[in-house]
Amino acid sequence: MKLTGGAAALAASTGAVLAESGIKPWQIGLQESDTEIMDGIHSFNNLTLGIVTVITLFVLALLVIVMVRFNSKANPTPSRTSHNTVIEVVWTIVPILVLVVIAIPSFRLLFKELDIPEYDMTVKATGYQWYWGYEYADEGMEDVSFDSIIMSDDERKDAAEARGIDISQVPRLLAVDNTMVVPVGKTVRIQVTAADVLHSFAMPAFGIKVDAVPGRLNETWFRARSTGIYYGQCSELCGKDHAFMPIAIRVVTQEQYDAWAEAAKEDVDEANQQLLAKIDAERKSAAADTAKANMKVAAR
Numbered sequence: 001m002k003l004t005g006g007a008a009a010l011a012a013s014t015g016a017v018l019a020e021s022g023i024k025p026w027q028i029g030l031q032e033s034d035t036e037i038m039d040g041i042h043s044f045n046n047l048t049l050g051i052v053t054v055i056t057l058f059v060l061a062l063l064v065i066v067m068v069r070f071n072s073k074a075n076p077t078p079s080r081t082s083h084n085t086v087i088e089v090v091w092t093i094v095p096i097l098v099l100v101v102i103a104i105p106s107f108r109l110l111f112k113e114l115d116i117p118e119y120d121m122t123v124k125a126t127g128y129q130w131y132w133g134y135e136y137a138d139e140g141m142e143d144v145s146f147d148s149i150i151m152s153d154d155e156r157k158d159a160a161e162a163r164g165i166d167i168s169q170v171p172r173l174l175a176v177d178n179t180m181v182v183p184v185g186k187t188v189r190i191q192v193t194a195a196d197v198l199h200s201f202a203m204p205a206f207g208i209k210v211d212a213v214p215g216r217l218n219e220t221w222f223r224a225r226s227t228g229i230y231y232g233q234c235s236e237l238c239g240k241d242h243a244f245m246p247i248a249i250r251v252v253t254q255e256q257y258d259a260w261a262e263a264a265k266e267d268v269d270e271a272n273q274q275l276l277a278k279i280d281a282e283r284k285s286a287a288a289d290t291a292k293a294n295m296k297v298a299a300r
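Just so you know, UniProt numbering puts 269 at position 269 of the sequence shown, and the rest follows in order with no gaps.
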């Protein structure tokens with residue numbers, strides 16, 4: 001069925017909202033990158049995949065040659081050779097060289113992940129059984145803290161109806177009541193700990209994953225390139241509701257963040273409502289513009 005006008009705009013808007021998180025239906029590969037760290041992970045993944053593919057095909061070719069040339073029919077009198085110095089040297093040196101080729105970009109990527117650059121803001125994430133708590137640590141934001149708890153199906157439905165959006169834009173097992181809010185293009189330092197058992201703070205689109213350990217403060221960082229909402233999950237088995245403690249980070253413009261931060265000092269819930277209202281208004285305006293453009297094209 002072909003959609004026209006407002007219906008097409010709504011469908012495009014829904015698809016855009018789902019795509020902006022880096023999550024796609026039936027996805028089998030890595031999420032799309034939105035940070036330079038994840039760019040490096042994509043490149044390293046492609047490198048190792050290429051190396052593994054070449055090695056696998058080479059070993060397969062050797063197996064085929066052995067089965068064809070050295071079976072009992074083709075080679076009734078087998079060789080009694082037990083040693084070959086050249087082959088033994090080669091199969092020792094080549095794997096070492098392969099490991100060196102893998103190690104160099106691996107160490108470079110690990111260093112970049114752990115070497116936190118000059119940061120613009122700090123957020124502390126604390127893992128609980130089974131939700132996340134966030135505290136903003138910058139000057140003037142010390143009193144801004146909140147818990148981020150997974151939404152039930154009824155809460156998702158109510159949230160979608162209140163905002164006038166499709167429920168698919170409030171994804172099951174990923175949507176939370178309060179998202180972490182950060183500005184786009186800013187370096188964010190994340191300090192991670194836990195209050196009870198081991199957890200792990202992971203955001204695939206940003207290329208970050210750091211353990212949350214009780215009594216210990218670990219750090220990581222990211223700099224998001226695009227606005228939108230991004231989803232991750234606790235990645236350390238932490239009890240019966242481990243699968244139900246998602247992570248949601250909403251990346252907004254600097255103007256939107258400044259307005260949210262100012263309102264959050266007084267009331268986080270009200271700040272979130274104001275932010276969502278502004279985002280929804282801008283999305284509807286963009287959808288209306290898209291619909292008008294489509295109608296003009298169809299009229300030609």
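Glycine included, each C-beta is placed from N, C-alpha and C at the ideal position.
Bear in mind that the values here come from a model prediction, so they are computed numbers and not experimental data.
Per DSSP, the continuous beta strand (DSSP E) segment holding Thr193 begins and ends at 188–194. At the C-beta level, Phe244 and Trp130 come within 9 Å of one another. In the three-state reduction of the DSSP assignment, Ser148 falls in the strand class.
By the neighbour-count criterion, in which a residue is buried when 16 or more other Cβ atoms sit within 10 angstroms of its Cβ, Ser285 is exposed. For the pair of segments examined, the stretch 253–264 was found not to touch the stretch 201–213: the number of CB pairs separated by less than 8 Å stays below three.
For Val123, the CB contacts under 8 Å within the same chain, skipping 5 residues up- and downstream, are Tyr134, Glu135, Tyr136, Ala137, Met180, Val182, Val188, Arg189, Ile190, Gln191 in chain order. Pro76 is classed as exposed because its beta carbon has fewer than 16 other beta carbons within 10 Å across all chains shown. A straight-line Cα-Cα distance of about 41 Å links Ile87 and Gln31.
Sequence-distant partners of Ile116 (beyond 5 residues in either direction) whose C-beta falls short of 7 Å from its own C-beta, in its chain, are Arg189, Glu219, Trp221. Within the same chain, Cβ atoms closer than 8 Å to the Cβ of Ser226 are found at Glu20, Asp34, Val184, Val251, the five residues on either side in sequence being excluded. With a cutoff of 9 Å on beta-carbon distance, Gly40 and Pro105 are scored as near each other. Taking all protein chains in view, the Cβ of Gln169 is crowded by 16 or more other Cβ atoms within 10 Å, so the residue is classified as buried. Within the stretch 94–166, the complete beta strand (DSSP E) runs of at least 3 residues fall at 121–128, 131–136, 145–148.
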